[in-house]
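First the structure, in the form of structure tokens, and then the observations on it.
Number of protein chains: 2
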Amino acid sequence: MDQKIINRRDLDFLLYELLDLESLTQRPRYAEHDRGTFDSAVDLALRIAVEKFAPHNRKADANEPTFDGQRVSMIPEVKEAVDAYCEAGLMLASHDYEQGGMQLPFTLAQAALALVKGANVSTSAYVMLTSAAANLLLAHGSEEQKKRFAEPMLEGRFLGTMVLTEPQAGSSLGDIRTTAEPAGDGTYRIKGNKIFISAGDHELSENIVHLVLARIKGAPAGVKGISLFIVPKFLVNEDGSLGERNDVALAGLIHKMGYRGTTSTMLNFGEKEGAVGYLIGEPNKGLSYMFHMMNAARIGVGLGATMLGYAGYLESLDYARTRQQGRLLDNKDPSAPPATIVDHPDVRRMLLAQKVFVEGSLALCLYAARQLDEQKTADSEQARTEAGLLLDILTPLVKAWTSHYSLEANYHAIQIFGGYGYTREYPVEQIYRDNRLNPIHEGTNGIQGLDLLGRKVRMHDGAALKLLGQRMRETIDEAAGFDAPISGWAQELAGALATVGDVTRVLLERAAAGDVSLAFGNAWHYLDMVGHTVVAWLWLKQAIVAQRALDAGRDEDFYRGKILACRYFFLYELPKVKQQADLLRRLDDTLLQAKESYF
Amino acid sequence: MDQKIINRRDLDFLLYELLDLESLTQRPRYAEHDRGTFDSAVDLALRIAVEKFAPHNRKADANEPTFDGQRVSMIPEVKEAVDAYCEAGLMLASHDYEQGGMQLPFTLAQAALALVKGANVSTSAYVMLTSAAANLLLAHGSEEQKKRFAEPMLEGRFLGTMVLTEPQAGSSLGDIRTTAEPAGDGTYRIKGNKIFISAGDHELSENIVHLVLARIKGAPAGVKGISLFIVPKFLVNEDGSLGERNDVALAGLIHKMGYRGTTSTMLNFGEKEGAVGYLIGEPNKGLSYMFHMMNAARIGVGLGATMLGYAGYLESLDYARTRQQGRLLDNKDPSAPPATIVDHPDVRRMLLAQKVFVEGSLALCLYAARQLDEQKTADSEQARTEAGLLLDILTPLVKAWTSHYSLEANYHAIQIFGGYGYTREYPVEQIYRDNRLNPIHEGTNGIQGLDLLGRKVRMHDGAALKLLGQRMRETIDEAAGFDAPISGWAQELAGALATVGDVTRVLLERAAAGDVSLAFGNAWHYLDMVGHTVVAWLWLKQAIVAQRALDAGRDEDFYRGKILACRYFFLYELPKVKQQADLLRRLDDTLLQAKESYF
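Just so you know, the sequences run in chain order A and B.
Going by the numbering used here, the letters in the first sequence line up with residues 220 to 818, in that order.
Going by the numbering used here, the letters in the second sequence line up with residues 220 to 818, in that order.
Spelled out as structure tokens, the structure:
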């Protein structure tokens with residue numbers, strides 16, 4: 220049985236019908252592209268995903284990397300897949316032609332990455348981290364750093380990492396203790412212990428380029444004293460050849476519930492004389508540079524979570540279409556042949572729940588990616604600025620809402636498989652284990668709630684939230700011109716949007732009055748409320764497109780499925796906005812009252 | 220670090236303050252008991268749990284049983300634990316003195332079993348299944364069957380199983396195909412393939428007693444043609460000694476996400492001449508007998524799920540009390556020492572969510588167990604009948620609500636541990652994997668929804684739901700006499716109860732009108748709504764007890780914690796009743812409209 224990755228019809232719908240990606244070919248940057256080259260890129264990524272990533276997905280799970288004290292070993296298929304990805308040029312999908320890239324829209328590059336993630340999320344981590352690290356260097360590194368490190372990374376000769384967390388500092392990066400001391404020659408000596416470094420050691424590539432957060436001695440406390448360094452596993456000579464081993468040691472591999480093919484490492488920097496590090500940009504601005512990578516990683520986490528949700532949906536759908544069990548509720552004849560379980564209302568409930576979560580999540584991820592294209596290539600300065608704002612405010616939703624609900628989708632997928640779903644013979648149990656990481660890494664979902672409420676909705680005097688509201692109102696106005704049920708959903712979305720605005724005002728006023736803990740204590744629920752509203756909006760947008768297609772007599776079942784899913788979301792999910800809003804508006808202090816000794 | 224199992228203070232609160240277990244000592248059956256003997260039984264079970272079950276919990280997970288084609292091998296600690304449990308007499312905790320039992324209340328026996336489940340759910344399965352199988356034989360077997368099979372099971376010399384599922388028949392037992400043919404000597408020859416048989420093979424005991432559902436040739440189709448047979452692994456001679464190997468073969472072990480210490484087996488009956496089987500009771504009534512065991516197993520699943528939820532809660536609470544990370548939201552001084560994470564509102568939210576789910580679930584499980592004691596020993600016939608009705612209607616909630624929400628609790632536990640929670644170095648990832656089975660086995664949670672709405676609320680003209688409502692109203696009346704907030708919660712619960720009644724009427728009327736699929740299609744949501752109402756009631760009962768204790772000046776923090784948890788439940792969880800009710804009342808046909816081709 221082939222591993223399920225995507226419903227290509229849905230992906231095309233999202234890219235071309237919802238997000239109108241073809242319109243980008245009107246812009247100078249993408250002038251050489253057309254629908255054909257876009258499709259070819261997706262075809263290429265899907266082929267790599269199917270041929271190189273999917274086949275060892277289960278094998279990598281069952282055969283974790285090992286460390287004998289000297290070297291990390293893993294199954295050879297991981298390297299073959301990473302190499303194939305790089306050789307196909309997918310690491311450079313969105314990069315300039317001059318860099319050897321395909322100069323594809325970022326949205327399309329994300330779609331390509333999504334396919335590889337859906338096929339094998341743990342192997343995809345190696346390329347995703349490398350791509351994000353290289354892009355950080357392209358944005359903030361010196362010309363020499365770009366040449367010496369970023370270029371080999373984009374070629375796949377070197378792989379990259381992001382090295383933030385320490386045993387005592389995970390969510391609280393301001394507390395990192397790793398030090399950097401100037402060596403007198405422009406380089407630094409790095410010393411400290413890091414943990415949970417994904418892809419932190421392996422032999423997949425000639426070299427590993429660690430991007431490491433550390434404090435230059437004497438730097439201010441907290442996040443304002445953090446600098447960012449390139450610390451390669453092997454030093455790189457001026458001619459690009461590898462020099463000696465740097466003072467970075469693998470202290471051990473971490474064994475995880477899932478994502479088992481990705482090494483998760485404890486790294487010791489500077490056990491001897493100190494690891495050689497190269498400062499990126501200016502001292503003490505490291506965290507702001509790292510956010511370039513963290514934002515990419517957060518979007519990547521959301522995309523990976525979404526694709527795991529999507530894979531579970533497709534697997535359970537396939538099972539539901541073939542498995543026979545029981546009789547329909549209004550058939551009490553025991554001698555009648557069993558029903559196919561896709562026809563049981565409870566199974567349809569679990570399929571629809573998955574469909575709205577995963578297709579809604581993918582729409583959200585790709586909509587966010589589309590903003591990156593707008594930010595880069597929109598005609599006006601205003602449009603570019605607005606796209607940046609939307610991307611900023613959507614990022615915590617892309618990371619947290621999708622990872623929360625795609626895991627809930629996976630719960631349903633297992634449930635549809637019944638006892639089989641719990642066994643390691645079927646794919647959904649690994650998917651569920653893999654996906655459990657996504658609400659944690661790159662900033663826990665609780666942290667994302669604080670990022671959304673405490674930072675993103677407040678920045679620029681609330682400009683991002685206001686803009687998001689404007690975009691939603693445009694859709695509401697458009698939907699109001701349709702017949703029921705779409706016009707009714709427009710009203711419901713308008714209500715939810717007003718609720719979000721009202722709750723936001725209540726919370727921010729209270730925060731401004733000094734009760735920050737009370738105002739922000741339920742930030743997760745706030746994110747959940749906003750996320751549901753945004754995804755409802757994206758479903759309404761899909762329903763509008765689908766209704767127009769139906770009116771034009773096209774592809775009936777696919778579009779009816781979209782409209783039915785929208786109906787499910789508005790009926791089963793959107794009402795949660797009101798419940799969350801009621802909770803948030805009360806500014807109840809239950810959480811603050813919960814003394815440690817009460818537990 | 221010691222494995223966490225229970226907050227003994229809470230267990231004592233539930234047993235003695237909420238459920239007034241000491242009052243049972245007034246009844247003849249328990250006259251020789253007092254609080255001291257009750258406590259000793261709990262102490263004993265806790266000691267066995269801590270000393271024999273907990274120490275190999277992780278080891279059994281990491282070292283699954285193996286099958287070499289001849290024999291099943293597993294780590295020796297499993298047998299030591301099972302033996303210790305039996306030698307301590309815990310298999311007979313609630314049985315008559317004449318049977319060698321302790322004649323303890325069933326509620327207490329369940330509490331004892333809970334501790335062992337919390338320590339090691341996969342090893343506990345061997346004793347739980349044996350106990351439930353032996354009790355079925357005591358209730359429905361012949362005297363000879365009791366002597367030859369049930370007695371050695373209660374001694375732990377033989378272990379038991381329940382053998383229902385076949386590859387094509389899981390939720391739909393009416394479709395089983397295993398056959399039973401009379402051998403002419405009063406015995407039968409059983410042939411068929413069974414799957415997902417927990418504890419279906421091992422060498423933990425001299426013998427394994429399978430209770431097997433099969434069809435006697437010529438029996439009616441469906442559930443009315445199913446009979447129940449004893450099929451021992453080894454035949455048992457009249458003197459109780461073991462005879463030859465029966466024709467039951469292990470076709471293979473199933474590898475699961477969790478519960479890895481429990482063998483899950485495919486068994487082939489009658490590959491040769493047919494397995495010797497002994498009919499229990501009358502032909503074609505097998506499913507009704509098996510329900511004796513299935514109900515016990517469903518309560519056992521709920522209890523196990525609850526204890527896994529509880530364990531995760533305690534582990535994450537312990538971590539939250541020691542882990543330092545970040546600053547409180549209103550402290551922006553980066554040089555201040557980090558906060559203990561238990562003081563972050565978002566962590567408190569996740570702790571309170573766990574507390575209300577797991578302590579609420581344990582209250583529900585023990586309240587249900589208490590009904591078994593009432594059913595057996597209440598003074599009046601009416602009281603005994605009523606207890607039986609309550610137990611019947613609570614069983615699907617005990618199985619499904621607890622398993623759903625204890626897994627949600629485990630999600631929060633991992634989240635509190637952050638990245639560490641996802642690693643196999645910490646206990647919560649195993650707990651999460653173990654607990655994922657519980658919404659599936661012994662009737663999926665979807666099936667439980669149908670059992671509740673389609674069967675339990677309708678039986679005896681709705682007598683069980685009416686009675687449950689009466690019990691809730693008694694609490695509401697009592698709570699109305701308190702000050703706020705308790706009196707306010709009484710009103711809210713009254714509202715939820717009225718809502719449940721109203722929704723039930725709407726659904727049953729529609730079902731009676733013939734639209735069964737429409738009326739019952741959202742049965743899971745119905746169960747969720749009723750479960751939330753029932754657990755809110757149990758929290759209100761706890762709050763009343765706690766307020767009285769506070770008024771009497773006792774044990775302040777513990778009781779304040781109970782009241783705060785009740786507040787959390789009413790604020791964060793109970794509003795979901797209204798949302799579910801709104802959905803159910805609409806009798807919307809979205810699920811019925813979801814044609815296979817729409818997905």
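Beta carbons: idealized from backbone N, C-alpha and C, even for Gly.
When DSSP labels each residue in this structure, what does A/I782 get in the three-state scheme?
One-based indexing of the first sequence puts residue 782 of chain A at position 563. In this structure, A/I782 counts as helix in the three-state DSSP scheme.
Please report the Cβ distance between A/A715 and A/T752, rounded to the nearest whole angstrom; I am assuming they are in contact, meaning their Cβ atoms lie under 8 Å.
Along the first sequence, read from residue 1 onward, the residue named residue 715 of chain A stands at position 496. Along the first sequence, read from residue 1 onward, the residue named residue 752 of chain A stands at position 533. Between A/A715 and A/T752 the beta-carbon gap is near 5 Å, inside 8 Å, which marks them as a contact.
Return the chain-ordered ranges of every alpha helix (DSSP H) run that is complete within the segment 607 to 691 of chain A and spans a minimum of 4 residues.
The segment 607 to 691 of chain A contains these whole alpha helix (DSSP H) runs: 647 to 654, 664 to 669.
Residues, ordered as in the chain, of the segment 314 to 345 of chain A that lie near chain B by beta-carbon distance below 8 Å
Only those residues of the segment 314 to 345 of chain A whose C-beta falls short of 8 Å from the nearest C-beta of chain B would be listed, and there are none.
Assuming B/A330 contacts B/V261 (C-beta within less than 8 Å), just tell me the rounded distance between them.
What you label residue 330 of chain B is simply residue 111 of the second sequence in a count that begins at 1. What you label residue 261 of chain B is simply residue 42 of the second sequence in a count that begins at 1. Separation of the CB atoms of B/A330 and B/V261 is rounded to 6 Å, and the pair is thereby assigned contact status at 8 Å.
Taking 8 Å as the threshold (C-beta atoms), are A/S390 and B/G545 in contact?
Position 326 of the second sequence holds residue 545 of chain B. Position 171 of the first sequence holds residue 390 of chain A. With a cutoff of 8 Å on beta-carbon distance, B/G545 and A/S390 are scored as near each other.
Assign A/I225 to buried or exposed, taking buried as 16 or more other Cβ atoms, counted over all protein chains shown, within 10 Å of its Cβ.
As a working mapping, residue 225 of chain A is identified with position 6 in the first sequence. Taking all protein chains shown into account, A/I225 has 16 or more neighbouring C-beta atoms within 10 Å of its C-beta and is therefore buried.
Residues near B/M220 by beta carbon distance below 7 Å, same chain, minus five either side
Against the second sequence, residue 220 of chain B aligns to sequence position 1. Residue placement at B/M220 cannot be trusted, given a pLDDT of 49 that sits under 50; what the coordinates show is reported in the next sentence. Correct list: empty, nothing qualifies.
Endpoints, the beta strand (DSSP E) within which A/L432 is located
In the first sequence, residue 432 of chain A corresponds to position 213, counting from 1. Residue range 426 to 435 is occupied by the beta strand (DSSP E) that includes A/L432.
Would you call the segment 474 to 494 of chain B and the segment 404 to 413 of chain B touching, i.e. three or more CB-CB distances under 8 Å?
Touching, per the Cβ criterion.
Chain B within 8 Å of A/I225, Cβ atoms only:
On the first sequence, position 6 is the one that residue 225 of chain A refers to. Contact with chain B is absent for A/I225, since none of that chain's Cβ atoms lies less than 8 Å from the residue's Cβ.
Euclidean distance between Cα positions of B/F415 and B/V340
By one-based count along the second sequence, residue 415 of chain B stands at place 196. By one-based count along the second sequence, residue 340 of chain B stands at place 121. Using only the alpha carbons, I get a separation of about 17 Å.
Can you name, in chain order, every residue of its own chain whose Cβ lies under 6 Å from the Cβ of A/A784, other than the five neighbours on each side?
In the first sequence, counting from the first residue as 1, residue 784 of chain A sits at position 565. Taken in chain order, the residues that qualify are K574, V575.
Looking at chain B, which residues of the segment 451 to 472 of chain A have a Cβ within less than 9 Å of any of its Cβ atoms?
If the cut-off is 9 Å between Cβ atoms, the segment 451 to 472 of chain A has nothing near chain B.
Quick check on A/T285: buried or exposed, where buried means 16 or more other Cβ atoms within 10 Å of its Cβ?
Residue numbering aside, residue 285 of chain A sits at position 66 when the first sequence is read from its first letter. Its Cβ having fewer than 16 others within 10 Å, A/T285 is exposed.
Which residues bound the alpha helix (DSSP H) around B/F818?
Taking the first residue of the second sequence as position 1, residue 818 of chain B is located at position 599. Looking at the DSSP string, B/F818 is not in any alpha helix (DSSP H), and its letter there is neither H nor E.
Neighbourhood of A/A418 by C-beta distance below 7 Å, restricted to the same chain and skipping five residues each side
What you label residue 418 of chain A is simply residue 199 of the first sequence in a count that begins at 1. Excluding five sequence positions before and after A/A418, the CB atoms of its chain that fall closer than 7 Å to its own CB belong to A344, Y345, L348, L378, T380, T481, T482, given in chain order.
Does any residue of chain A have a CB that is nearer than 8 Å to the CB of B/L570?
To locate residue 570 of chain B, count along the second sequence from 1; it is residue 351. Interface residue, yes.
Quick one: using the 10 Å Cβ neighbour count with 16 as the cut-off for buried, is B/D808 buried or exposed?
Position 589 of the second sequence, counted from the start, is the residue given in the question as residue 808 of chain B. By the beta-carbon neighbour count (other beta carbons within 10 angstroms, threshold 16), B/D808 is exposed.
List the DSSP bridge partners of B/L454.
Here residue 454 of chain B refers to the residue found at position 235 of the second sequence. Bridge pairing for B/L454: absent [DSSP].
For B/P451, is the classification buried or exposed, using 16 other Cβ atoms within 10 angstroms of its Cβ as the cut-off for buried?
Mapped onto the second sequence, residue 451 of chain B falls at position 232. The residue in question, B/P451, is buried, as its Cβ has 16 or more Cβ neighbours within 10 Å.
The alpha helix (DSSP H) that contains A/T191, what's its start and end?
Residue 191 of chain A lies beyond the residue range present for chain A, which begins at 220 and ends at 818; the question has no answer from this structure.
Can you tell me where the beta strand (DSSP E) with A/R542 in it begins and where it stops?
For the purposes of this step, residue 542 of chain A is identified with residue 323 of the first sequence, where counting begins at 1. In the DSSP assignment, A/R542 falls outside any beta strand (DSSP E) and carries neither an H nor an E.
If you measure from the beta carbon of B/S599 to each beta carbon in chain A, is any gap under 8 Å?
Looking up residue 599 of chain B in the second sequence gives position 380. Residue contact with chain A for B/S599: absent (no Cβ-Cβ distance below 8 Å to any residue of chain A).
If B/W743 sits next to B/N654, beta carbons under 8 Å apart, how far is it from one beta carbon to the other, in whole angstroms?
Counting from 1 along the second sequence, the entry for residue 743 of chain B is found at position 524. Counting from 1 along the second sequence, the entry for residue 654 of chain B is found at position 435. No, B/W743 and B/N654 are not in contact; Cβ-Cβ is about 18 Å, not under 8 Å.
Cutting at 6 Å between CB atoms, please list the residues of its own chain near A/N487, excluding the five before and the five after it.
Here the question's residue 487 of chain A lines up with position 268 in the first sequence. These residues qualify, in order along the chain: N412, A468, A470.
Same chain only: Cβ atoms within 7 Å of B/Y316, ignoring 5 sequence neighbours per side
Locating residue 316 of chain B in the second sequence gives position 97, counting from the first residue. Closer than 7 Å at Cβ, skipping near neighbours: Q322.
N-terminal and C-terminal residue of the alpha helix (DSSP H) that B/E578 is part of
Position 359 of the second sequence, counted from the first residue, corresponds to residue 578 of chain B. Where B/E578 is concerned, the enclosing alpha helix (DSSP H) stretches over 564 to 596.
Name the chain A residues that come within less than 7 Å of B/D801, Cβ to Cβ?
Counting from one through the second sequence, the residue named residue 801 of chain B turns up at place 582. Under the 7 Å cutoff, chain A gives P794.
Taking the Cβ atom as the reference point for each residue, do A/K366 and A/L357 lie within a distance shorter than 8 Å?
For the purposes of this step, residue 366 of chain A is taken as the residue at position 147 of the first sequence. For the purposes of this step, residue 357 of chain A is taken as the residue at position 138 of the first sequence. Their beta carbons are not under 8 Å apart, which means A/K366 does not touch A/L357 by this criterion.
Label B/R542 either buried or exposed according to how many other C-beta atoms from any shown protein chain fall within 10 Å of its C-beta, with 16 as the threshold for buried.
On the second sequence, residue 542 of chain B is found 323 positions in, with the first residue counted as 1. Around the beta-carbon of B/R542, 16 or more other beta-carbon atoms lie within 10 Å, marking it buried.
Within the chosen definition, does the segment 638 to 647 of chain B reach the segment 715 to 735 of chain B through at least 3 CB pairs nearer than 8 Å?
No, the segment 638 to 647 of chain B does not touch the segment 715 to 735 of chain B.
Helix, strand or coil at B/V753 [DSSP, three-state]:
Numbered from 1 along the second sequence, position 534 holds the residue referred to as residue 753 of chain B. Helix.
From B/G403, B/L472, B/V382, B/A438, residue whose alpha carbon lies closest to that of B/F448:
What you label residue 448 of chain B is simply residue 229 of the second sequence in a count that begins at 1. Cα-wise, what sits closest to B/F448 is B/V382.
C-beta contact flag for A/T525 and A/S446 at 8 Å
Residue numbering aside, residue 525 of chain A sits at position 306 when the first sequence is read from its first letter. Residue numbering aside, residue 446 of chain A sits at position 227 when the first sequence is read from its first letter. No.
Does the count of Cβ pairs from the segment 517 to 531 of chain A and the segment 562 to 582 of chain A closer than 8 Å reach three?
With the cut-off at 8 Å, the segment 517 to 531 of chain A and the segment 562 to 582 of chain A touch.
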